[in-house]
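The sequence shown begins at 519 in our numbering and counts up by one. Backbone N, C-alpha and C define an ideal beta-carbon position, used for all residues, glycine too. Okay, so here's the structure we're looking at.
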Amino acid sequence: EGGLHTLCLLDIKVHELNFDEMIQTGKPVYMPPTFMKASLAASQLLEIEERRKDGACSPDRPAVALARVGAKDQVIVSGTLERLSRSDVDDVLGAPLHSLIVCGELHDLEKEFFEHFNIDNRKARED
């Protein structure tokens with residue numbers, strides 16, 4: 519609604535207690551950090567859409583997946599939510615932190631950038 523884009527800052531779990539280990543050892547034991555990947559976020563949005571059927575996150579909705587924004591090795595790819603839900607997206611993005619933008623209405627300039635960063639055109643650009 520309104521044609522606006524939505525930025526999804528993906529889940530980071532750090533300093534989470536491992537209650538099973540804590541019960542066994544009697545001391546606080548923490549699990550290793552985990553970071554949500556862009557493909558999982560896209561998949562979860564599609565699962566929610568499947569249940570709710572409100573059209574907000576249809577499989578053909580344009581989206582942009584990003585990794586390590588602002589770093590020298592940042593990566594940006596675009597595609598539909600369905601395309602970005604595939605596991606090969608995480609291989610392209612690499613290490614965390616990942617973010618996901620669910621696009622609303624795209625301006626002509628945004629459409630050009632969307633095509634430029636399209637994940638399926640990436641290999642052709644690299645060759």
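- Message: On a Cα-Cα basis, can you pick out the residue from Ala589, Leu564, Leu527, Ala585 that is closest to Pro577?
- Response: Leu564
- Answer yes if the stretch 547-563 comes into contact with the stretch 600-617, meaning at least three C-beta pairs across the two stretches below 8 Å, and no otherwise. yes
- Query: Any contact of the stretch 530-545 with the stretch 568-584, i.e. 3+ C-beta pairs under 8 Å?
  - Reply: no
- Item | For Leu564, the first and last residue of its enclosing alpha helix (DSSP H) | 556-570
- Query: So Ser596 and Ala581 are in contact, right, with Cβ under 8 Å, and what is the actual spacing, rounded?
  - Reply: Ser596 to Ala581, Cβ: 7 Å. Contact.
- Message: Just to check my reading of the structure: Phe635 and Ile594 have Cβ atoms closer than 8 Å, yes? What is that Cβ distance to the nearest angstrom?
- Response: Rounded to the nearest angstrom, the Cβ distance from Phe635 to Ile594 is 5 Å, consistent with a contact under 8 Å.
- Task: List the DSSP bridge partners of Leu535.
- Result: DSSP lists Tyr548 as the beta-bridge partner residues of Leu535.
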